[in-house]
Amino acid sequence: MDLRGRPLRSVLYIPGSRERACEKVKRLPADGIIFDLEDAVAAEEKVNARALLTRVLTTGDFAHRVKIARINGLDTQWGRDDAMALAQVPVDAILIPKVNSPADVSAVAELVPNTPLWAMMESPLGILNAAAIAAHPRLTGMVLGTNDLAKDVGTRFRADREPLLFSLQACLLAARAYGLICLDGVFNAFKNDAGLRVECEQGRDMGFDGKTVIHPRQIGIANTAFAPSEAEIDLARRHIEAFNEAERSGKGVAVVDGKIVENLHVLMALQMLAKAEAIENIKPVVAGDEE
Ligand code: COA
Ligand code: MG
């Protein structure tokens, strides 16, 4: 199923070894889940986590939530078995870590004939090859791995993320050029709500579809930041009305709040309303269970 059009405001990483967290997420308002077998799982737990995750994904009902499974790299002793096990279970995509080139996607594609593939964009070479990676016919999504990237580049954490902006934008451009989903990286300080909000709003303004998050308390902030606000929904409706009115009187453009409204703004307004409706259609989760 095509994931574009499904909300992905918040996508929660869950260590694939934590059964309780895999259960808990069914009561959390995350739009998506990345069940992780890679960096969140210790070496001695890898094999058990694979078996657990295969069972959880086969039997669990995660409702509307988009299900992504992150495998270990094929250059590790676990990657090949992860890919082959997850190819057999219902997931929306398999996420490949540390993708450096289209060949890294092809290597997994050979083991996984049907499931859509996503790429972690988290190495200097990967960022430099972003366009070629995005062009891979099996790829449908990219996820920024800002921690690994910062490590390899030597970037220090900064609240404005200025040192990372080129990399973020390179991936976004590549993803958009080929119609892929693109998710922003995580915010490590999971108790710092204000800092997370700023980073979510920055990612949203840049054009990301949503934020990857590491802790349940981060979900609500990402959901709010990446959802159209009431004011945006109102403005979208006024754009559509004003443009239709202008067309009826033979004009190709309208003016709303002192700003020009062209056909492209109407398309943007329609997309925004469709997104708002898709969010509206998500059944509310049980309140008070987000910690
Ligand atoms: N997904 C689902 N549930 C989670 C969760 C997650 N990512 N992180 C925490 N929880 C749950 C805990 O299980 C706990 O639930 P419980 O009380 O019902 O057992 C509750 O939320 C509160 O957890 P808390 O005690 O605040 O966090 P912690 O100290 O147990 O864990 C982290 C903190 C950061 C280690 C944990 O959030 C985590 O492992 N996050 C994911 C990390 C990851 O996947 N990294 C790889 C990609 S960057
Ligand atoms: Mg990583």
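First residue of the sequence shown: 96, per our numbering; consecutive thereafter. The beta carbon of each residue, even a glycine, is placed where N, CA and C say it ideally should be. Small disclaimer: the values here were computed from a predicted structure and weren't measured.
Within a Cβ cutoff of 6 Å, which residues of the same chain sit near residue i, ignoring the five residues on either side of it in sequence?
| i | result |
| --- | --- |
| I377 | H159 |
| W173 | K141 and N167 |
| E375 | none |
| P197 | A227, I228 and H231 |
Please return the same chain residues whose Cβ sits closer than 7 Å to the Cβ of residue i, not counting the five positions on each side in sequence.
| i | result |
| --- | --- |
| L103 | D126, G127, V161, I276, L278, D304 and G305 |
| P323 | M367, K370 and A371 |
| A364 | A331, H334 and I335 |
| A289 | none |
| L147 | G111, S112 and E114 |
| R292 | I316 and A320 |
Would you check whether ligand 1 has a heavy atom nearer than 7 Å to the C-beta of residue i?
| i | result |
| --- | --- |
| N167 | no |
| V87 | Nothing can be reported for residue 87: it is not among the residues displayed for the chain, which extend from 96 to 386. |
| P197 | no |
| P124 | no |
| K141 | no |
Give a single yes or no on whether residue i has its beta carbon closer than 7 Å to a heavy atom of ligand 3.
| i | result |
| --- | --- |
| K370 | The ligand content of the structure shown is limited to ligand 1 and ligand 2, which means ligand 3 is not among them. |
From this set, the options, which residue's C-alpha is nearest residue i's C-alpha?
| i | options | result |
| --- | --- | --- |
| L220 | R271, D199 and D156 | D199 |
| M216 | V207, Q264, P258 and A180 | Q264 |
| A254 | E294, D247, A272 and D300 | E294 |
| R165 | A116, A182, F157 and D156 | A182 |
| D187 | A178, V356 and T210 | T210 |
| H360 | A373, G345 and F338 | F338 |
| F321 | G249, F157 and A373 | A373 |
| A56 | Q313, N195, D352 and N224 | The displayed coordinates of the chain run from 96 to 386. Any statement about residue 56 would go beyond what the structure contains. |
| R175 | A270, T153, R145 and A284 | R145 |
Residue i by DSSP, collapsed to three states: which one?
| i | result |
| --- | --- |
| P219 | helix |
| P208 | coil |
Which residues in the same chain as residue i place their Cβ atom closer than 8 Å to its Cβ, once the five residues preceding and following it in sequence are excluded?
| i | result |
| --- | --- |
| V281 | Y108, T241, N242, K306, T307, V308 and I309 |
| A137 | S112 |
Given the structure, does residue i come close to ligand 2, in the sense that its CB is under 7 Å from one of the ligand's heavy atoms?
| i | result |
| --- | --- |
| G290 | no |
| G236 | no |
| M215 | yes |
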